[in-house]
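**Student:**
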Amino acid sequence: MVQAKTWVLTERFEGFPKDSNFRLQLEQLPDPKDGEMLLEALFLSVDPYMRAYVMRIQPGEVMMGSQVAKVIKSHNPSFPVGSHVVGRCGWRTHSLSDGAGLTLLQADWPQEVSLSQALGGIGMPGLTALYGLEEVLDLKEGETLLVNAAAGAVGSVVGQIAKIKGCKVVGSAGSDAKVAFLKDLGFDEAFNYKTITSLEETLKAASPDGYDCFFENVGGPFFSVALPQMKQFGRIAVCGGISLYNDTTPQTGPYPHTSMVFKQLKMEGFLVNRWQHKNPEGIRRLLAWAKEGKLHCREHVTEGFEKMPSAFMGMLKGENIGKAVIKV
Ligand SMILES: NC(=O)c1ccc[n+]([C@@H]2O[C@H](COP(=O)([O-])OP(=O)(O)OC[C@H]3O[C@@H](n4cnc5c(N)ncnc54)[C@H](OP(=O)(O)O)[C@@H]3O)[C@@H](O)[C@H]2O)c1
Numbered sequence: 001m002v003q004a005k006t007w008v009l010t011e012r013f014e015g016f017p018k019d020s021n022f023r024l025q026l027e028q029l030p031d032p033k034d035g036e037m038l039l040e041a042l043f044l045s046v047d048p049y050m051r052a053y054v055m056r057i058q059p060g061e062v063m064m065g066s067q068v069a070k071v072i073k074s075h076n077p078s079f080p081v082g083s084h085v086v087g088r089c090g091w092r093t094h095s096l097s098d099g100a101g102l103t104l105l106q107a108d109w110p111q112e113v114s115l116s117q118a119l120g121g122i123g124m125p126g127l128t129a130l131y132g133l134e135e136v137l138d139l140k141e142g143e144t145l146l147v148n149a150a151a152g153a154v155g156s157v158v159g160q161i162a163k164i165k166g167c168k169v170v171g172s173a174g175s176d177a178k179v180a181f182l183k184d185l186g187f188d189e190a191f192n193y194k195t196i197t198s199l200e201e202t203l204k205a206a207s208p209d210g211y212d213c214f215f216e217n218v219g220g221p222f223f224s225v226a227l228p229q230m231k232q233f234g235r236i237a238v239c240g241g242i243s244l245y246n247d248t249t250p251q252t253g254p255y256p257h258t259s260m261v262f263k264q265l266k267m268e269g270f271l272v273n274r275w276q277h278k279n280p281e282g283i284r285r286l287l288a289w290a291k292e293g294k295l296h297c298r299e300h301v302t303e304g305f306e307k308m309p310s311a312f313m314g315m316l317k318g319e320n321i322g323k324a325v326i327k328v
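According to UniProt numbering, numbering within the sequence shown proceeds without interruption in unit steps and concludes at 328.
And the structure:
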């Protein structure tokens with residue numbers, strides 16, 4: 001028997017999440033049966049989708065989420081004791097699994113790359129950046145790309161891959177420290193969207209000829225101002241809309257039609273899972289860039305499973321530079 005700690009949703013979020021939405025609960029887990037194994041979480045992820053998708057779980061259920069875990073007991077030959085997996089086990093320190101939905105981390109995962117990166121730049125957010133740029137935007141050398149929430153898990157990888165591809169990159173983020181981070185990563189232009197006086201003028205100054213591609217993570221007024229700055233036939237990958245997730249009443253216009261029509265823009269929303277079949281190759285490419293020093297995957301690490309809710313709310317408030325993870 002193992003005692004697992006879990007974080008349970010007490011009630012659905014109303015607006016911005018609060019401490020009382022979560023309860024720490026203990027759960028006794030029996031020994032794994034034939035075909036099962038016992039997992040121990042090493043790192044857990046907090047991501048914006050947990051806010052957007054919370055309606056998919058009921059109050060009283062364990063919060064959704066991915067983790068890197070170690071197999072500590074196994075009656076499943078595909079997952080030997082000591083191997084590491086990425087799984088959607090939820091906010092829990094220990095889980096029983098029959099292997100369904102688990103991804104085994106490659107046995108030759110480089111020692112110098114923290115396993116936590118499998119939740120960040122060398123995991124789902126990194127793949128989101130890669131697929132958004134290659135599959136949705138079809139980004140070409142010499143083009144100019146705009147990305148917002150640029151210092152976060154997805155955005156920071158977006159900008160770096162675009163630089164690898166020989167593009168000009170403009171990024172926005174919510175603090176001066178984040179802007180300095182983006183400059184260190186090699187972004188051509190970066191600005192703090194909270195302190196500028198005019199987003200329109202800042203976008204124009206950063207790229208007077210406009211933008212070929214826009215990797216959109218934020219939504220709301222940023223989107224409305226950015227759209228008219230696109231070049232003719234510009235392409236927009238709608239990855240997310242984090243400025244909308246905590247709204248209790250939906251935001252309204254300005255609507256995109258005028259720019260969409262007169263600039264003949266192409267806009268496509270996407271979910272990273274569409275290209276799941278490409279994940280092994282995608283992970284290998286991200287890992288190779290990381291090993292070559294071309295991709296830096298900064299992390300914002302919170303220590304302690306007990307701090308999961310505050311790490312989650314901190315990420316939504318923008319406290320993270322790079323990927324927000326929790327070390328158990
Ligand atoms: N389509 C997919 O399959 C997929 C997969 C993964 C992620 N996503 C989306 O990608 C986006 C980024 O996700 P991530 O995991 O990389 O998160 P992240 O950027 O690491 O963290 C969220 C960041 O969003 C910014 N933010 C929060 N509220 C904001 C607001 N009102 N206006 C502008 N920025 C705000 C904050 O940075 P600042 O300090 O810069 O404001 C915060 O650090 C999200 O929209 C997420 O939903 C989509």
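Cβ atoms here follow ideal geometry from the backbone N, Cα and C, with glycine treated the same way.
Check whether the Cβ of residue 125 lies closer than 7 Å to any heavy atom of ligand 1, and answer yes or no.
**Tutor:** Here the question's residue 125 lines up with position 125 in the sequence shown. Because some heavy atom of ligand 1 lies under 7 Å away, the Cβ of residue 125 counts as near it: yes.
**Student:** Is there a Cβ from chain C that is less than 8 Å from the Cβ of residue 189?
**Tutor:** Absence of chain C from the displayed structure is noted, only one protein chain being present.
**Student:** Around the Cβ of residue 31, are there at least 16 other Cβ atoms within 10 angstroms (buried) or fewer (exposed)?
**Tutor:** As a working mapping, residue 31 is identified with position 31 in the sequence shown. Exposed, since its Cβ has fewer than 16 Cβ neighbours within 10 Å.
**Student:** Per DSSP, which one or two residues make a beta bridge with residue 213?
**Tutor:** Position 213 of the sequence shown holds residue 213. For residue 213, which the question treats as bridged, DSSP gives the partners 145, 235.
**Student:** Considering only DSSP beta bridges, list what residue 192 is partnered with.
**Tutor:** As a first step, residue 192 must be located in the sequence shown, where it is residue number 192. Looking at the DSSP assignment, residue 192 forms a beta bridge with 173.
**Student:** Bridge partners of residue 302, per DSSP?
**Tutor:** As a position in the sequence shown, residue 302 is number 302, starting the count at 1. In the DSSP output, where bridge partners are listed per residue, residue 302 has 326.
**Student:** In chain order, what residues of the same chain have a beta carbon less than 7 Å from the beta carbon of residue 228, not counting five sequence neighbours either side?
**Tutor:** By one-based count along the sequence shown, residue 228 stands at place 228. Excluding positions up to five away in sequence, the list reads 259.
**Student:** So for residue 55, helix, strand or coil by DSSP?
**Tutor:** The residue you call residue 55 lines up with position 55 of the sequence shown. In this structure, residue 55 counts as helix in the three-state DSSP scheme.
**Student:** Which residues does DSSP pair with residue 94 in a beta bridge?
**Tutor:** Your numbering for residue 94 matches position 94 in the sequence shown. Looking at the DSSP assignment, residue 94 forms a beta bridge with 40.
**Student:** Is the closest heavy atom of ligand 1 to the C-beta of residue 223 under 7 Å?
**Tutor:** Locating residue 223 in the sequence shown gives position 223, counting from the first residue. The answer is no for residue 223.
**Student:** Should the segment 216-232 be called in touch with the segment 262-274, which here means at least 3 C-beta pairs below 8 Å?
**Tutor:** yes
**Student:** Roughly how far, in whole angstroms, is the beta-carbon of residue 65 from the beta-carbon of residue 91, given that I think they are within contact range, below 8 Å?
**Tutor:** For the purposes of this step, residue 65 is identified with residue 65 of the sequence shown, where counting begins at 1. For the purposes of this step, residue 91 is identified with residue 91 of the sequence shown, where counting begins at 1. The Cβ separation is near 5 Å, so the contact holds.
**Student:** Over what stretch of residues does the beta strand (DSSP E) that includes residue 160 continue unbroken?
**Tutor:** If you number the sequence shown from 1, residue 160 lands on position 160. Residue 160 -> not in any beta strand (DSSP E); alpha helix (DSSP H) instead, spanning 153-164.
**Student:** Since residue 312 is in the alpha helix (DSSP H), which residue starts that stretch and which ends it?
**Tutor:** Taking the first residue of the sequence shown as position 1, residue 312 is located at position 312. Residue 312 -> alpha helix (DSSP H) spans 308-317.
**Student:** Does the segment 162-177 touch the segment 232-247, meaning 3 or more C-beta pairs lie closer than 8 Å?
**Tutor:** Three or more beta-carbon pairs separated by less than 8 Å are not found between the segment 232-247 and the segment 162-177, which leaves the two stretches without contact.
**Student:** Please classify residue 24 as buried or exposed, where buried requires at least 16 neighbouring CB atoms within 10 angstroms.
**Tutor:** The count along the sequence shown starts at 1 and reaches residue 24 at position 24. Flag for residue 24 reads exposed.
**Student:** Entirely within the segment 233-290 and at least 4 residues each: give me those alpha helix (DSSP H) ranges in chain order.
**Tutor:** If only uninterrupted alpha helix (DSSP H) runs of at least 4 residues are considered, those enclosed by the segment 233-290 are 257-262.
**Student:** Taking the Cβ atom as the reference point for each residue, do residue 115 and residue 154 lie within a distance shorter than 8 Å?
**Tutor:** Taking the sequence shown and counting its residues from 1, one reaches residue 115 at position 115. Taking the sequence shown and counting its residues from 1, one reaches residue 154 at position 154. No, these two residues do not count as a Cβ contact at 8 Å.
**Student:** Per DSSP, residue 24 is paired with what?
**Tutor:** As a working mapping, residue 24 is identified with position 24 in the sequence shown. According to DSSP, residue 24 bridges with 7.
**Student:** Could you pull the start and end residues of the beta strand (DSSP E) that residue 86 belongs to?
**Tutor:** Residue 86 sits at position 86 when you count from the first residue of the sequence shown. Taken as a continuous stretch (DSSP letters only), the beta strand (DSSP E) holding residue 86 covers 84-87.
**Student:** Cβ of residue 33 within 8 Å of Cβ of residue 75?
**Tutor:** Start at 1 with the first residue of the sequence shown, and residue 33 comes out as number 33. Start at 1 with the first residue of the sequence shown, and residue 75 comes out as number 75. Cβ atoms of residue 33 and residue 75: closer than 8 Å.
**Student:** Let me check understanding here. Comparing Cα to Cα, which of 127, 150, 217 lies closest to residue 274?
**Tutor:** Residue mapping note: residue 274 aligns to position 274 of the sequence shown, counting from 1. The candidate whose alpha carbon is nearest that of residue 274 is 127.
**Student:** Would the beta-carbon of residue 208 be found less than 7 Å away from any heavy atom of ligand 2?
**Tutor:** As presented, the structure is devoid of ligand 2, carrying ligand 1 as its sole ligands.
**Student:** Leaving out five residues before and five after residue 145 in sequence, what residues of the same chain have Cβ atoms less than 6 Å from its Cβ?
**Tutor:** Along the sequence shown, one-based indexing puts residue 145 at 145. Scanning its chain for C-beta atoms nearer than 6 Å, with the 5 sequence neighbours on each side dropped, one finds around residue 145 the residues 162, 167, 169, 213, in chain order.
**Student:** Is residue 20 near residue 10, with beta carbons less than 8 Å apart?
**Tutor:** On the sequence shown, position 20 is the one that residue 20 refers to. On the sequence shown, position 10 is the one that residue 10 refers to. It is a contact, given that the beta carbons lie within the stated cut-off.
**Student:** In this structure, what does DSSP give as the bridge partners for residue 230?
**Tutor:** Stepping through the sequence shown from its first residue, residue 230 is reached at position 230. 211, per the DSSP bridge assignment.
**Student:** Between residue 294 and residue 201, what straight-line distance do the alpha-carbon atoms span, to the nearest angstrom?
**Tutor:** Sequence index remark: in the sequence shown, residue 294 carries index 294 (1-based). Sequence index remark: in the sequence shown, residue 201 carries index 201 (1-based). Between residue 294 and residue 201, the C-alpha separation is close to 31 Å.
**Student:** Spatial neighbours of residue 121 within its chain, please: C-beta separation below 6 Å, excluding the five flanking residues on both sides.
**Tutor:** Residue numbering aside, residue 121 sits at position 121 when the sequence shown is read from its first letter. For residue 121, where only same-chain residues beyond five positions count, the Cβ hits under 6 Å are 157, 297.
**Student:** For residue 62, which residues does DSSP report across the bridge?
**Tutor:** For the purposes of this step, residue 62 is taken as residue 62 along the sequence shown, with counting starting at 1. Looking at the DSSP assignment, residue 62 forms a beta bridge with 8.
**Student:** Just the Cα atoms here: how many angstroms apart are residue 222 and residue 180?
**Tutor:** As a first step, residue 222 must be located in the sequence shown, where it is residue number 222. As a first step, residue 180 must be located in the sequence shown, where it is residue number 180. Whole-angstrom Cα-Cα distance: 21 Å.
**Student:** Beta carbon of residue 270, beta carbon of residue 101: below 8 Å?
**Tutor:** Counting from one through the sequence shown, the residue named residue 270 turns up at place 270. Counting from one through the sequence shown, the residue named residue 101 turns up at place 101. Their beta carbons are not under 8 Å apart, which means residue 270 does not touch residue 101 by this criterion.
**Student:** So does residue 24 have its beta carbon nearer than 7 Å to some heavy atom of ligand 1?
**Tutor:** For the purposes of this step, residue 24 is identified with residue 24 of the sequence shown, where counting begins at 1. No.
**Student:** I believe residue 99 touches residue 78 by the beta-carbon criterion, under 8 Å. Please report the beta-carbon distance rounded to the nearest angstrom.
**Tutor:** Within the sequence shown, residue 99 is the residue found at index 99, counting from 1. Within the sequence shown, residue 78 is the residue found at index 78, counting from 1. About 6 Å; that satisfies the 8 Å criterion.
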